[in-house]
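Structure first, commentary second.
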Amino acid sequence: MAKKIRRLGLLHLVLLMQMSTIVVHAQVAPDAGTVRQEIETKRETEIPIEPPPPTAQALPVETPPSGPTVTVSSFEFSGNVLMDSQKLAVATAGFVARPVDFSELQKAPIAVADAYRQEGWIVQAFLPLQEINNGVVKIQIVEALFGVARLEGNQPRRITFERLSRMIDAQQRRGASLAVGALDRGLLLINDLPGVTATGNLSPGKDERETDLLLKVQDDRLLSGEVIIDNAGSRFTGEERFIGTVSLNSPFRFGEQLSATLLYSEGTEYAQLAANMPIGSDGWRVGLNVSHLGYELVAPEFDALNAKGSSTAFGTNASYPLIRARAASLNVSVSYENSRFENEANDITSTRYKVDTLATNLNGYAFDDWGGGGFSRAALAITYGTVDLTGSPNELAVAATTKADGGFGKANYFVSRQQRVTEIFSAYAAVSGQLAGGNLESSEKFYLGGASAIR
């Protein structure tokens, strides 16, 4: 018989708008799985700040006297391959069938270049020397080809310029038509690397049609970190928390990062070591992490239990940016984790088990102009795993009741929206939840508490 699908969701609205249904149950003592879930559950709430897009070097424009006017009957385009003349005629329709002087006529090639840019291409358009017959005006178009990425300024110390140049080449092939989106993706992927910040300018290349990308690279700190002191912890293990994170950014000059995190509260000691590095030049990253948790319950109602426990986890992951642009981003990742849990009450082991999970995650964000502008974020995670209770004191009890051992599957989702209301005021709403095919072990359950939720 198909297992019943259990649904658990959470809706919270900032601005004191709140709708929730809470069912009160008998107090259940948290265990190692619950405590670790509380620590590792986090929501991305900050709006990403992207570096500026590649810009073309401004060329001086001489504006001649207005002079006589001409009534344009049509434009004749030459050199256009990426866009047909019909589309360009639409872009320049505002200059047709009315008298225009020379200074206004110069705006027609600008309209052509803008039309190309909207399609994602960079061109040079101009009025060649000509005699205007029967109102037909010629516009010459030079569709830019990509030359090379060149370094502007000092050599970066955190990452070699050769690696950065290969990342641009992986998106924008040399000698191919210059695509704004491809260059932009390459520049954003560079800025995703720990250790550097880069900006780009477009510059004339060696050949007449070629355009190069001048990269200005600034080294970030080799060592970075943060310290947080808050009261967002659980009252069962201590609300006041100290959290410290330190990262080593690209010490071997290829975009790797090593990091360590420590969390301490009255009843919790948690530490994690992680490492990740790029693979290839197209945005792939792989990583490893290991963590250990020790806890004891400090809430007065559980004093008689003397409850404590531990958890150790090892994980590996790989991620890839399916979409990387200024207006939107979408990442896919696959992760595997092996976790071991042990819980005690009055110095007697109550549970001892291990969990293996394989998860696929999609997460992304997008900016839009709807209703004055806003920012949306979404995430979806599909997880399959197994719980092994072999030898655990509660093995038979679980098999006879919750049946949380063996294989399981679940899906977690998260959607948020930050909407601009006025120049200084915005509204935020978020929905998150979980679907599961049966009862889950505590570390895989949906967590309601925390600083970004209501309960």
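Using numbering that gives the first Met the number 0, you'd call the opening residue of the sequence shown number 0 and step up by one each time. Every residue gets a Cβ at the ideal spot worked out from N, C-alpha and C, and that includes glycine.
Check                                                                                                              : Outcome
Reference Tyr352; option with closest CA among Leu329, Thr382, Thr315, Gly308                                      : Gly308
DSSP beta-bridge partners of Ala124                                                                                : Ile140
Nearest-angstrom Cβ-Cβ length linking Gly266 and Leu222, presumed shorter than 8 Å                                 : Rounded, the Cβ-Cβ distance is 30 Å, inconsistent with contact.
Buried or exposed (CB count within 10 angstroms, at least 16 for buried), Thr236                                   : buried
Collapsed DSSP secondary structure at Asp219 in the structure displayed                                            : coil
Which of helix, strand or coil DSSP assigns to Lys402                                                              : coil
Sub-8 Å separation of Gln361 and Leu329 beta-carbons                                                               : In the sequence under discussion, the amino acid at residue 361 is Leu, which differs from the Gln named in the question. Yes, these two residues count as a Cβ contact at 8 Å.
N-terminal and C-terminal residue of the alpha helix (DSSP H) that Gly199 is part of                               : Run containing Gly199: none in the alpha helix (DSSP H); it sits in the beta strand (DSSP E), 195-203.
CB contact flag (Gly146, Arg173, <8 Å)                                                                             : yes
Ala96 vs Val111 beta-carbon contact at 8 Å                                                                         : no
Three-state class that DSSP yields for Leu247 in the structure shown                                               : strand
Inter-residue spacing [alpha-carbon to alpha-carbon] between Asn337 and Glu37                                      : 18 Å
Helix, strand or coil at Met276 [DSSP, three-state]                                                                : strand
Ser442 - DSSP class collapsed to helix/strand/coil                                                                 : helix
Glu151 in three-state terms, based on DSSP                                                                         : coil
Beta-carbon separation (whole angstroms), Phe340 vs Ser442, contact threshold 8 Å                                  : 7 Å
Close-in-space but distant-in-sequence residues of the same chain around Asn230 (CB under 8 Å, 5 per side omitted) : Glu238, Glu239, Arg240
DSSP three-state assignment for Asn337, whether helix, strand or coil                                              : strand
Residue closest to Arg156, alpha-carbon to alpha-carbon, out of Arg284, Thr70, Asn248, Ser72                       : Asn248
Per-residue burial, Ile278 [other beta carbons within 10 Å of its own, 16 or more giving buried]                   : exposed
Three or more C-beta pairs below 8 Å linking the region 150-167 and the region 108-126                             : no
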